[in-house]
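Structure record follows, encoded as structure tokens.
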Amino acid sequence: MDGDVVLRPIKMRDQRAWREVNRRNRDWLRPWEATIPPPAPGAPPAHRPTYRQMVRHLRAEANAGRMLPFVIEYQGRLVGQLTVAGITWGSMCSGHVGYWVDQAVAGRGVMPTSVALAVDHCFRTVGLHRIEVCIRPENQPSRRVVEKLGFRSEGLRPRYLHIDGGWRDHLVFALTAEEVPEGLLARWRASRRIAALQDRDQVQEGPRGTNGTP
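Under UniProt numbering, think of the first position of the sequence shown as 1, with each following residue one higher.
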């Protein structure tokens, strides 16, 4: 939890709120959502799971230590979802983060705060060493999230995931625990304070270069 932003495990009783947010954001989310590839010849067609099937799957993966499924609340209202998936232990101790958020709260710092909360939990409580975020090059809002948080760019993975009906290239961004010894949330808060001070100073100084003034 950080102020108005809460990250908590997804629950069956979230169904109504989750579906309502998804319905309102259908067009906003569709270009970035994972889809199911066509089946092999002779194989039965795959179907998208229901909400209850999805939650049961997420819980099973969480119980097996392979996933951390959360919803995002902002000012007491469910506004998105964040999942740490593909958790691998042994000599790797890594996972990757996927997320979406209600367009109505985009740009308010909800998503960077949520990702920072998740990364700190993974590094400090769960014991992971590395977190990846894979983003389509065209997804500018999502790219801004990792840029604000200081994730390191690691290049392109061609045709990495089946998204919006086809195999899509993804940019890879990553952090390791050593890169954020102070915690990612603390670094994000500090960067926001600096940005706020810079904005305040610009307002106090007023416009420059008008009517010959320096």
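Glycine included, every Cβ here is placed at the ideal spot set by N, Cα and C.
Values in this document were obtained by computation on a predicted structure and should not be read as measured data.
Thinking C-beta only, is residue j closer than 8 angstroms to residue i?
| i | j | result |
| --- | --- | --- |
| A116 | L197 | no |
| W89 | G65 | yes |
| L82 | W18 | no |
| I131 | V97 | yes |
| residue 215 | P112 | What the structure shows of the chain is the stretch from 1 to 214, and residue 215 is not part of that stretch, so it cannot be assessed. |
| G127 | R187 | no |
| V119 | F173 | no |
| V84 | M67 | yes |
With a threshold of 7 angstroms on Cβ separation, who are the neighbours of residue i within its own chain once the five nearest residues in sequence on each side are excluded?
| i | result |
| --- | --- |
| P45 | P39 |
| N211 | Annotation note: pLDDT 47 at N211 (below 50); position unreliable, coordinate value reported separately. The answer is none, since no qualifying residue turns up. |
| T176 | H129, R130 |
Could you spell out the range, first to last residue, of the alpha helix (DSSP H) harbouring residue i?
| i | result |
| --- | --- |
| P9 | Not the alpha helix (DSSP H): P9 falls in the beta strand (DSSP E), residues 5-9. |
| S142 | 140-149 |
Which residue comes first and which comes last in the beta strand (DSSP E) that contains residue i?
| i | result |
| --- | --- |
| R159 | 152-163 |
| Q15 | No beta strand (DSSP E) contains Q15, which is instead part of the alpha helix (DSSP H) from 15-24. |
| E73 | 68-74 |
| T35 | Unbroken run through T35: none, as it is neither H nor E. |
| T176 | 166-176 |
How close, in whole Å, do the beta carbons of residue i and residue j come, if the pair is a contact with beta carbons under 8 angstroms?
| i | j | result |
| --- | --- | --- |
| D164 | R24 | The pair is not a contact, with the Cβ atoms about 19 angstroms apart (cut-off 8 angstroms). |
| P37 | H129 | The pair is not a contact, with the Cβ atoms about 31 angstroms apart (cut-off 8 angstroms). |
Near residue i, what residues of its chain come up, given a Cβ to Cβ distance below 8 angstroms and the 5 sequence neighbours on each side ignored?
| i | result |
| --- | --- |
| S153 | L171, V172, F173 |
Quick one: residues in its chain with C-beta nearer than 6 angstroms to the C-beta of residue i, no 5 flanking neighbours on either side, listed in chain order?
| i | result |
| --- | --- |
| E61 | M67 |
TODO: Would you check if there are 3 or more beta carbon pairs closer than 8 angstroms linking the region 4-21 to the region 62-71?
DONE: yes
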